[in-house]
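S.K.:
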Amino acid sequence: MWINLILLIIALAGYIGMWQSITGKKEEIEKISFPLASNLVEILFKFSYEVSPTFIKRILLFLICFVTAVLGTLGAVYA
């Protein structure tokens, strides 16, 4: 029961992030930063996010939130 609740909260955070990536102001998108990276994929994502223009940042933010929302939803369904 608790795992379903946690996974649904994670999925909801992903959906909210997707909404913010679409409707957020340019200043809000520019202020978003990611913490220290621990592996190569995170380093590449962080570097590409830091140097890209706002439109590409919106796409990258949407994709990472989409993956989070899908995994959270599937986890809640199958848990």
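Residues 1384 to 1462 (the numbering used here) are what the sequence shown spells out, left to right. Glycine included, each C-beta is placed from N, C-alpha and C at the ideal position.
(1) Which whole runs of the alpha helix (DSSP H) in the stretch 1427-1460 are 4 residues long or more, in chain order?
(2) Pick helix, strand or coil for Ser1404, following the three-state DSSP scheme.
(3) Quick test of the definition: if touching needs 3 or more C-beta pairs under 8 Å, does the stretch 1437-1448 touch the stretch 1399-1407?
(4) Measure the Cβ-Cβ separation of Thr1451 and Ile1392 and say whether it is below 8 Å.
(5) Going by beta carbon distance, what residues of the same chain come within less than 6 Å of Gly1400, once the five residues before and after it are set aside?
M.R.: Judging by the given coordinates:
(1) Taking only runs of at least 4 residues, no alpha helix (DSSP H) segment lies wholly in the stretch 1427-1460.
(2) On the sequence shown, residue 1404 is found 21 positions in, with the first residue counted as 1. In this structure, Ser1404 counts as helix in the three-state DSSP scheme.
(3) With a cut-off of 8 Å on Cβ pairs, the stretch 1437-1448 is in contact with the stretch 1399-1407, counting three or more such pairs.
(4) On the sequence shown, residue 1451 is found 68 positions in, with the first residue counted as 1. On the sequence shown, residue 1392 is found 9 positions in, with the first residue counted as 1. Cβ distance not < 8 Å, so Thr1451 and Ile1392 don't count as in contact.
(5) Translated into the one-based positions of the sequence shown, residue 1400 becomes position 17. Same-chain partners within the cutoff: Cys1448.
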